[in-house]
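Participant: My questions all concern the structure below.
Residue numbers (the working numbering): 34 to 240.
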């Protein structure tokens, strides 16, 4: 297991659209059922309030951070809120460098070899292939053949409990999972049920 995952399963829960008032209950459902990497996208309502709330209760239990991070300013705000992870849909070298200077983990989005090598040169801890369902497992496998050995690859977009094994065989080490786990308005109990199914699928595929 790559050290950047801090001992957690490499499953990042993407809580797009979550509100600060529901964040804690959903977080507890994630952690109780086996997911310890949590991303609050910045296009959610009052995202930094949610990140701050979760960071305050996550120490030793989970890593929390921001997704859809597009600017250096948002990197600083994530750090101030107590975030540990910075996830982006795109490759921006200035965002990656700012993330590393701030002591956080950097997961930029890439889709081409040029973006992948640029992100690694800027200091990215892992490469997030996005949208993964468009690139496909075959595309991931082909691209990974030219990347430095040991590069940690994540798949985001189109990942669910039914296909997680296909991505693992293609060389993917971790996953960002959004609507398969959480949609606005879901109860914590509903989230917990979906988490259990995803964790079971991952664990089975890793055996």
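Where is the CB? At the ideal position from N, CA and C, for every residue including glycine.
1. What separation, rounded to the nearest whole angstrom, lies between the Cα atoms of residue 99 and residue 79?
2. Using CA atoms only, rank isn't needed, just tell me which of 192, 44 and 83 is closest to residue 68.
3. By Cβ distance below 8 Å, which residues in the same chain neighbour residue 197 in space, the five residues on each side in sequence not counted?
4. Once DSSP output is grouped into helix, strand and coil, what is the label at residue 74?
5. Is DSSP giving residue 179 helix, strand or coil here?
6. Determine the burial state of residue 54: buried for a count of at least 16 other Cβ atoms within 10 Å of its Cβ, exposed for fewer.
7. Could you check the C-alpha separation between residue 105 and residue 216 for me, to the nearest Å?
8. Look at residue 153 and residue 181 and say whether their C-beta atoms are less than 8 Å apart.
9. In whole angstroms, what is the alpha-carbon distance linking residue 113 and residue 120?
10. Output needed for residue 162: all residues of its chain with C-beta closer than 6 Å, excluding positions within five of it in sequence on either side, in chain order.
11. Taking C-beta to C-beta, are residue 155 and residue 129 nearer than 8 Å?
12. Once the 5 residues before and after residue 164 are set aside, which same chain residues still bring their CB inside 6 Å of it?
13. Under DSSP, the beta strand (DSSP E) around residue 51 begins and ends at which residues?
14. Using only alpha-carbon positions, find the residue among 57, 39 and 63 that is nearest to residue 46.
15. When the Cα of residue 126 is compared with those of 111, 110 and 103, which residue comes out closest?
16. How many angstroms separate the CA atom of residue 90 from the CA atom of residue 222?
17. Note down the Cα distance separating residue 75 from residue 51, rounded to an integer number of angstroms.
Facilitator: The answer reads as follows:
1. Here residue 99 corresponds to residue number 66 of the chain shown, with the count starting at 1. Here residue 79 corresponds to residue number 46 of the chain shown, with the count starting at 1. Their Cα atoms are separated by approximately 12 Å.
2. To locate residue 68, count along the chain shown from 1; it is residue 35. That would be 44, whose Cα lies nearest to the Cα of residue 68.
3. To locate residue 197, count along the chain shown from 1; it is residue 164. Contacts found: 208, 231, 234, 235 and 238.
4. The residue given as residue 74 occupies position 41 in the chain shown. Strand.
5. Locating residue 179 in the chain shown gives position 146, where the first residue counts as 1. Looking at residue 179 - three-state DSSP - the assignment turns out to be coil, as it is neither helix nor strand.
6. Here residue 54 refers to the residue found at position 21 of the chain shown. Exposed.
7. For the purposes of this step, residue 105 is taken as residue 72 along the chain shown, with counting starting at 1. For the purposes of this step, residue 216 is taken as residue 183 along the chain shown, with counting starting at 1. About 28 Å.
8. In the chain shown, the residue the question calls residue 153 occupies position 120. In the chain shown, the residue the question calls residue 181 occupies position 148. Yes.
9. Here residue 113 refers to the residue found at position 80 when the chain shown is read from its first residue. Here residue 120 refers to the residue found at position 87 when the chain shown is read from its first residue. Using only the alpha carbons, I get a separation of about 16 Å.
10. Numbered from 1 along the chain shown, position 129 holds the residue referred to as residue 162. Correct list, in chain order: 168, 173 and 188.
11. The residue you call residue 155 lines up with position 122 of the chain shown. The residue you call residue 129 lines up with position 96 of the chain shown. In contact: residue 155 and residue 129 (Cβ atoms closer than 8 Å).
12. Mapped onto the chain shown, residue 164 falls at position 131. Cβ within range, chain order: 190.
13. The residue you call residue 51 lines up with position 18 of the chain shown. No beta strand (DSSP E) holds residue 51; DSSP gives it neither H nor E.
14. Your numbering for residue 46 matches position 13 in the chain shown. Per the Cα distances, 63.
15. Within the chain shown, the letter at position 93 stands for residue 126. Nearest of 111, 110 and 103 to residue 126, Cα basis: 103.
16. Position 57 of the chain shown, counted from the start, is the residue given in the question as residue 90. Position 189 of the chain shown, counted from the start, is the residue given in the question as residue 222. Cα to Cα, residue 90 sits roughly 19 Å from residue 222.
17. Within the chain shown, the letter at position 42 stands for residue 75. Within the chain shown, the letter at position 18 stands for residue 51. The alpha-carbon atoms of residue 75 and residue 51 are separated by roughly 10 Å.
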